[in-house]
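In my numbering, the protein residues as written are 65 to 307.
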Ligand code: GLU
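This is the structure:
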């Protein structure tokens with residue numbers, strides 16, 4: 065099932081992301097990566113354990129207070145550095161991580177290649193990254209709205225998180241068939257596949273339901289249905305501890 069963690073706040077994201085990914089290791093995975101936003105989007109990703117990603121980050125650190133991390137369980141394309149997530153839009157402006165399977169990625173990929181897109185990986189995920197870019201380029205919509213519209217065109221399962229250099233105060237998360245939970249802090253917020261990366265930072269969480277997406281900022285969040293209607297969410301208190 066593999067995992068995702070996202071952070072937006074005032075602390076350095078990369079350490080928090082690596083620790084969060086370690087908490088999700090029990091879910092199984094073959095590669096790990098992070099994207100951190102600081103003016104531009106910096107990516108580090110490696111086949112193998114989160115420890116190898118941590119060594120890569122030590123050798124070549126990334127700084128910034130907004131980021132996403134991913135552990136991949138390859139379904140489309142071999143487990144290697146190139147297929148590891150995050151994947152970026154063609155101009156590198158935004159990055160996205162994904163758990164799940166985009167069933168109609170073949171048709172989307174074919175159409176986008178005909179439209180001039182170049183694919184660098186063998187993943188189904190990259191088709192959705194480029195589709196979001198394509199929707200945004202054609203419609204000039206906000207990234208969150210482009211993500212929403214792109215999601216209405218895909219079949220399959222997804223837990224996704226997107227960050228962009230164009231809006232350094234935004235994480236976009238969406239869920240269909242792959243769990244997603246928001247962790248609410250003071251001037252900082254988290255997104256994760258389950259509560260294990262959140263529990264050392266906050267007890268206040270919001271569970272996204274299937275077909276919902278969230279725009280998360282440092283000082284708040286909004287939840288929408290994939291159809292675009294605002295959704296009022298209840299904040300839950302986590303009662304368990306890491307053990
Ligand atoms: N289907 C995607 C891939 O193969 C995501 C796999 C996952 O859930 O980690 O890259």
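Glycine included, each C-beta is placed from N, C-alpha and C at the ideal position. Here the structure is a predicted model, which is why all the values come from computation and not from measurement.
Beta-bridge pairing by DSSP links residue 146 to no other residue. DSSP, read as helix, strand or coil, puts residue 151 in strand. Given a length threshold of 3 residues, each whole run of the beta strand (DSSP E) inside the stretch 212 to 264 is given here in chain order: 220 to 228, 231 to 240, 245 to 248 and 253 to 256. Residue 289 and residue 275 have their C-alpha atoms spaced approximately 6 Å apart. When secondary structure is reduced to three states using DSSP, residue 91 falls in the helix class.
In the structure shown, residue 104 adopts extended strand secondary structure according to DSSP, grouped into three states.
Here residue 112 is not bridged, per DSSP, to any residue.
Nearest to residue 173 by C-alpha distance, out of 195, 155, 251 and 100, is 195. Between residue 114 and residue 82, the gap from beta carbon to beta carbon is short of 8 Å. Comparing alpha-carbon positions, the option among 250, 279, 257 and 154 lying closest to residue 265 turns out to be 250. Minimum Cα-Cα distance from residue 69 among the listed residues 270, 283, 259 and 292 corresponds to 259. Inter-segment contact for the stretch 208 to 220 and the stretch 233 to 248 is present: three or more beta-carbon pairs are separated by less than 8 Å.
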